[in-house]
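*Asks:* For reference, the structure I am asking about is given below.
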Ligand SMILES: [Zn+2]
């Protein structure tokens, strides 16, 4: 799955993918990576949260 222009850093295109511990988003332009916390149960939290706008 791919979300266009949804990177919070550079507004680039973000792909959504899953690995063995859950879902994540990765920006194709800048390499920004973000765990999908509504999908995956990860203990660590991203430092920046809820600031997508
Ligand atoms: Zn980006």
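Residue numbers (this note's numbering): 29 to 81.
A virtual CB, placed ideally from N, CA and C, is assigned to each residue, including glycine.
Note that the coordinates shown come from a computational prediction; the quantities given were computed from them, not determined experimentally.
State the Cα-Cα distance for the pair residue 63 and residue 35, rounded to the nearest angstrom.
*Replies:* The straight-line gap from Cα to Cα measures roughly 13 Å.
*Asks:* Which runs of the beta strand (DSSP E) fall wholly inside the stretch 30–60 and span at least 3 residues, in chain order?
*Replies:* For the stretch 30–60, whole beta strand (DSSP E) runs of length 3 or above, ordered along the chain, are 42–47 and 50–55.
*Asks:* Within 10 angstroms of its Cβ, does residue 68 collect 16 or more other Cβ (buried), or is it exposed?
*Replies:* With a pLDDT of 48 at residue 68, under the threshold of 50, the modelled position of this residue cannot be trusted, and the question is left open.
*Asks:* May I ask whether a heavy atom of ligand 3 can be found less than 6 Å away from the beta carbon of residue 57?
*Replies:* This structure does not include ligand 3; its bound ligands are ligand 1.
*Asks:* Cα separation between residue 45 and residue 59?
*Replies:* Those two C-alpha atoms are separated by around 14 Å.
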